[in-house]
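Peer 1: Pasting in a structure now, in structure tokens, and then I'll have a few things to ask.
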Amino acid sequence: MFKFKVDGALDIGNSGIKAVLYKNKKIDKISYVDYLDMAEEKIVALQESLEILSKKMNLRGKNLIVTIPASKFYVKTLEYNNKEEGSEIDLESKIEEDLEDIISGYTKDEFITQIETVSEKDLYKKLLVITIPIEEIEKILGILSHFKIRVLKIIPDFIALNDLVDLLDQKLEEETNENVMIVDIGGETSKIFMSTLGTLNMLRIVGIGGNDFTEIIKDHEMLDYEGAELEKQQLELGDDENRKYKTQSEMSMFKDLTLVVNELTTQIGNSLEYFNTNLPEGKISKILLTGGGALMQGFKPYFDDAFDLPCEEIDLNLLNLDYKNLEDKDLLSTFKITTLMGALIKEVV
1436 MFKFKVDGAL
1446 DIGNSGIKAV
1456 LYKNKKIDKI
1466 SYVDYLDMAE
1476 EKIVALQESL
1486 EILSKKMNLR
1496 GKNLIVTIPA
1506 SKFYVKTLEY
1516 NNKEEGSEID
1526 LESKIEEDLE
1536 DIISGYTKDE
1546 FITQIETVSE
1556 KDLYKKLLVI
1566 TIPIEEIEKI
1576 LGILSHFKIR
1586 VLKIIPDFIA
1596 LNDLVDLLDQ
1606 KLEEETNENV
1616 MIVDIGGETS
1626 KIFMSTLGTL
1636 NMLRIVGIGG
1646 NDFTEIIKDH
1656 EMLDYEGAEL
1666 EKQQLELGDD
1676 ENRKYKTQSE
1686 MSMFKDLTLV
1696 VNELTTQIGN
1706 SLEYFNTNLP
1716 EGKISKILLT
1726 GGGALMQGFK
1736 PYFDDAFDLP
1746 CEEIDLNLLN
1756 LDYKNLEDKD
1766 LLSTFKITTL
1776 MGALIKEVV
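Okay, structure coming up:
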């Protein structure tokens, strides 16, 4: 069968888009564009941002793997008895019936559904069901085709992250049977999911993201969005008791920031408890932290103190990638592009 070569990946996020091009076994170019007007309809924002991105890097005619936000998908963990009243269960029909009950307007012909087996025993089977309306995919394909981009595959952002975590685990060459929680702090939401031996198990989407921190900084420091984003990267969480505040406004700002972090910490804690309760074997052994929303310094030690588990950042340097431009490699330390790299590396390594 004829197969197109992969030229790169495109990550369509809730607050912007990122792209990476791959050529001659090297990272050829990385670039990104934040949506200019966060209140604008996302489809319009995507069109405008792609226009800007296409001027930064030539995407015309490129064969790309595309990731889109988890919030566009329905993700359900379903369990089934392999037999009912002595006969084999018609699993496909049962899943379809359950999705019709769970998702308003679900029909097999109008949704694209992927099913992964999480675990299977003699009688019971646990499945991860990921589905999305075909209409959502067609909207995105229509926009990308306007820019002459050939889409080889569209995948959820959390699948790309999970693939990356699995690959990095293989790079460490350690045979483990760990249950790992990944916390991806995005712009508008945070994805909290669990992976066992590279198999995604459970997923939660929490309505807290980096934009919440940006908006707080923007309001207290009287900055525009871009200025608040830059300021966010300079601030450091933690040690509020010993912090010397320059103004009353700064004190109030850190108080508001801490409230949001505490709420996210609570949500992670609730997820840990739920995931551990529903694991067939073992407990979660560590937390992996990633996402552009985690650019503010101090998240890792904050979570280290909050949970009796090691909290680690995803280290893309373990991939030992070659870069055409060293500044793109430097970008890894200042800009979270883990989803983007996960989508690419799965296809080219």
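Okay, so the sequence shown: first residue is 1436 according to our numbering, each after it adds one.
For each residue, glycine too, the CB sits at the ideal point set by N, CA and C.
As the structure is a prediction and not an experimental result, all values here were calculated from the model.
#1: Consider the C-beta atom of Q1732 and the heavy atoms of the ligand FAD; say whether any pair is separated by less than 8 Å.
#2: Compare the Cα-Cα distances from A1741 to each of Y1509, Q1549 and Q1702 and report the closest residue.
#3: Are the CB atoms of D1646 and G1622 nearer to each other than 9 Å?
#4: How long is the line joining the alpha carbons of E1716 and S1528, rounded to whole angstroms?
#5: Less than 8 Å between the CB atoms is what I'm expecting for S1484 and G1451, so what's the real figure, rounded?
#6: Between the alpha carbons of Q1406 and G1728, how many angstroms are there, rounded?
#7: Please work out which residues of its chain come closer than 6 Å, Cβ to Cβ, to V1501, disregarding the five sequence neighbours upstream and downstream, and give them in chain order.
#8: If I measure Cβ to Cβ from G1496 and keep anything under 6 Å in the same chain, skipping five residues before and after, which residues do I get?
#9: T1700: which of N1711, F1439, G1633 and I1627 sits nearest, CA to CA?
#10: Assuming contact is defined by CB atoms lying nearer than 9 Å, are Y1559 and I1537 in contact in what I supplied?
#11: I'd like to confirm the pairing. Which residues does DSSP put opposite M1629 in its beta bridges?
#12: Going by DSSP, what residue range makes up the alpha helix (DSSP H) through E1662?
#13: When you compare the CB positions of L1563 and E1551, do they come within less than 9 Å of one another, or not?
#14: Which stretch, first to last residue, makes up the beta strand (DSSP E) that contains Y1467?
#15: Using the rule of at least 16 other Cβ atoms within 10 Å of the residue's Cβ for burial, across every protein chain shown, is F1439 buried or exposed?
#16: With three or more C-beta pairs closer than 8 Å as the rule, is the segment 1748-1764 touching the segment 1451-1470?
#17: Is the segment 1638-1655 touching the segment 1742-1753 in the sense that three or more CB pairs, one from each, lie closer than 8 Å?
#18: Have a look at N1636, Q1482, P1504 and K1556 and flag the residue whose alpha-carbon is nearest the alpha-carbon of Y1515.
#19: Which value, in whole angstroms, describes the spacing of the CA atoms of S1706 and L1526?
#20: Hey, quick one: how far does the alpha helix (DSSP H) through D1533 stretch, first residue to last?
#21: From the DSSP output, in three-state form, read off V1784 for me.
#22: Who are the Cβ neighbours of K1735 in its own chain at under 7 Å, not counting the five residues just before and after it?
#23: What are the boundary residues of the alpha helix (DSSP H) that T1408 is part of?
#24: Have a look at L1751 and L1603 and give me their C-alpha separation to the nearest angstrom.
#25: Can you tell me where the alpha helix (DSSP H) with E1514 in it begins and where it stops?
#26: Taking the alpha-carbon of S1539 as reference, which of I1567, S1580, V1618 and A1505 has the nearest alpha-carbon?
#27: Are K1718 and V1615 touching if we call contact CB-CB under 9 Å?
#28: Residues in its own chain within less than 6 Å of A1595 by CB, not counting five upstream and five downstream?
Peer 2: Judging by the given coordinates:
#1: Annotation note on the ligand FAD: not contained in the displayed structure, which lists no ligands.
#2: Q1702
#3: The question names Asp, but residue 1646 in the sequence shown is Asn. Less than 9 Å separates the beta-carbon of N1646 from that of G1622.
#4: Linking E1716 to S1528 through their CA atoms gives a straight-line distance of about 29 Å.
#5: Confirmed, Cβ separation roughly 7 Å.
#6: Beyond the ends of the chain as shown, which are 1436 and 1784, falls residue 1406; an answer cannot be given.
#7: L1445, V1586 and I1589
#8: K1583
#9: I1627
#10: no
#11: M1616 and M1637
#12: Looking at the sequence itself, residue 1662 is Gly, so the reference to Glu does not match. Y1660 to Q1669 is the extent of the alpha helix (DSSP H) around G1662.
#13: The answer is yes: Cβ separation under 9 Å.
#14: Unbroken beta strand (DSSP E) run through Y1467: K1461 to D1469.
#15: exposed
#16: yes
#17: no
#18: Answer by Cα proximity: K1556.
#19: 28 Å
#20: It spans L1526 to I1537 - the alpha helix (DSSP H) in which D1533 sits, taken as one unbroken run.
#21: coil
#22: Closer than 7 Å at Cβ, skipping near neighbours: L1724, C1746 and E1748.
#23: Past the boundaries of the shown model lies residue 1408; the chain is included only from 1436 to 1784, so the question cannot be answered.
#24: L1751 and L1603: Cα-Cα distance of roughly 8 Å.
#25: Not the alpha helix (DSSP H): E1514 falls in the beta strand (DSSP E), residues Y1509 to N1516.
#26: I1567
#27: Going by C-beta atoms, K1718 is not nearer than 9 Å to V1615.
#28: T1502, T1774, G1777 and A1778
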